[in-house]
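In this note's numbering, the protein residues as written are 28 to 301.
Every residue gets a Cβ at the ideal spot worked out from N, C-alpha and C, and that includes glycine.
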Amino acid sequence: NAYGFFKTEDYPTHSSFLELIQSSAADHNADSDLKDLAISLSEWCSDGAYGCLFDGHTNVKLNKRIVHFELGQISESSKELKAIVVFLIKNHIRNHILSMPRKLRKRIIFEEMSRLLEVKGGDEVIAEAYAQLAKTNTHITSIVQQYAQFQNHAIRPVIIGNSRQYMIMKQKYPGDLEDLRKDIIMSENAKQFIMQYRSPDNKDWVGERYASFMYHYDDYPAPSYGTVRNICSPEMLYVSSSNPELYDLRAKQLKNEKDLIKAIMKYSREEGVI
Numbered sequence: 028n029a030y031g032f033f034k035t036e037d038y039p040t041h042s043s044f045l046e047l048i049q050s051s052a053a054d055h056n057a058d059s060d061l062k063d064l065a066i067s068l069s070e071w072c073s074d075g076a077y078g079c080l081f082d083g084h085t086n087v088k089l090n091k092r093i094v095h096f097e098l099g100q101i102s103e104s105s106k107e108l109k110a111i112v113v114f115l116i117k118n119h120i121r122n123h124i125l126s127m128p129r130k131l132r133k134r135i136i137f138e139e140m141s142r143l144l145e146v147k148g149g150d151e152v153i154a155e156a157y158a159q160l161a162k163t164n165t166h167i168t169s170i171v172q173q174y175a176q177f178q179n180h181a182i183r184p185v186i187i188g189n190s191r192q193y194m195i196m197k198q199k200y201p202g203d204l205e206d207l208r209k210d211i212i213m214s215e216n217a218k219q220f221i222m223q224y225r226s227p228d229n230k231d232w233v234g235e236r237y238a239s240f241m242y243h244y245d246d247y248p249a250p251s252y253g254t255v256r257n258i259c260s261p262e263m264l265y266v267s268s269s270n271p272e273l274y275d276l277r278a279k280q281l282k283n284e285k286d287l288i289k290a291i292m293k294y295s296r297e298e299g300v301i
């Protein structure tokens with residue numbers, strides 16, 4: 028019960044644990060295995076390669092309206108690091124949500140879910156969110172580029188079984204929609220609408236740009252669905268363009284800007300940048 032009265036700075040850190048091992052090894056002429064363990068653990072201390080993420084007291088605050096965790100800067104070769112980071116993030120988010128009043132609405136968005144599934148333990152994070160955190164008034168959303176990316180994954184039944192709403196963007200391959208129709212009820216007309224959606228980056232576009240998607244609600248006795256148009260503002264087009272030349276230009280424009288929101292509003296409305 029005494030731990031309940033601890034302040035943040037009262038809890039032991041990874042560095043403290045390493046110091047204990049090193050002290051024990053010196054006092055008892057420890058074998059090489061213990062010394063090797065101490066060397067390995069030193070990489071995860073504050074002055075090591077990964078210490079800024081794991082050593083010391085957390086400086087991550089989850090009480091903001093939106094909290095974003097970006098794993099893209101961790102190299103593909105650091106698979107173990109990614110797995111541990113995912114585990115750490117999961118614990119932080121889970122504990123925070125469980126500490127919040129259940130009546131409050133929360134939302135977790137798994138952007139590029141297929142990439143998270145490639146990380147060891149990623150499937151467990153997603154499965155727990157759908158099966159457990161959803162009971163705490165938490166809305167779970169997963170985003171995938173193509174249905175085939177997780178069609179044969181063991182986590183698919185967990186996601187489909189706990190989902191009632193789907194937002195289906197334009198699909199290039201009819202096979203992906205046919206596979207999706209095996210899991211949700213979708214009419215042939217709905218399939219044709221989805222296949223015919225235009226892309227807002229089409230050079231021949233005339234008039235106000237928008238992106239279309241099919242909103243599908245798995246209702247009883249029959250699903251409800253319809254086309255939704257997302258009107259693209261200049262700011263949205265500026266930050267979402269996948270054009271390589273524009274990406275480099277905009278990265279250069281924003282590099283030294285202190286207020287990114289104001290900078291995006293400024294550059295997105297200048298002639299010729301969209």
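Query, Result
"Which of helix, strand or coil DSSP assigns to K133", "strand"
"Beta bridge counterpart(s) of V255 as assigned by DSSP", "F240"
"Any non-hydrogen atom of the ligand SAH closer than 8 Å to Q198 Cβ", "The ligand SAH is not among the ligands present in this structure, which contains no ligands whatsoever."
"Nearest-angstrom Cα separation, counted from Y244 out to L22", "No answer is possible for residue 22: the residues shown for the chain start at 28 and end at 301."
"Residue interval of the alpha helix (DSSP H) (run including Y294)", "L287 to S295"
"Residues of its chain near P201, where Cβ-Cβ distance is below 8 Å and the 5 sequence neighbours each way are ignored", "K218 and M222"
"DSSP beta-bridge partners of Q192", "Y244"
"Completely contained beta strand (DSSP E) runs for the segment 192-219, where each covers 3 or more residues", "192-195"
"Complete alpha helix (DSSP H) runs within the segment 143-173 (minimum length 4 residues, chain order)", "149-158"
"Rounded separation between E70 and L98 - CA only", "19 Å"
"DSSP-derived helix/strand/coil call for P184", "helix"
"Collapsed DSSP secondary structure at I301 in the structure displayed", "The predicted position of I301 is uncertain, since its pLDDT is 45 and thus under 50; a value taken from the coordinates is nonetheless stated next. Here I301 sits in coil by DSSP."
"Where I258 falls, given that 16 or more other Cβ within 10 Å makes a residue buried", "exposed"
"Proximity of A161 and I170 at Cβ, strictly below 9 Å", "no"
"Whether S214 touches Q172 by CB criterion (9 Å)", "no"
"N- and C-terminal bounds of the alpha helix (DSSP H) containing G78", "G78 to F81"
"Cut-off 8 Å between Cβ atoms - residues of its own chain near Q49, not counting five sequence neighbours on either side", "A65"
"Simplified DSSP state of E121, which is helix, strand or coil", "Note that residue 121 is Arg in the sequence shown here, rather than Glu. It is helical."
"N- and C-terminal bounds of the alpha helix (DSSP H) containing E272", "P271 to L281"
"S269 versus L207: straight-line alpha-carbon distance, rounded", "26 Å"
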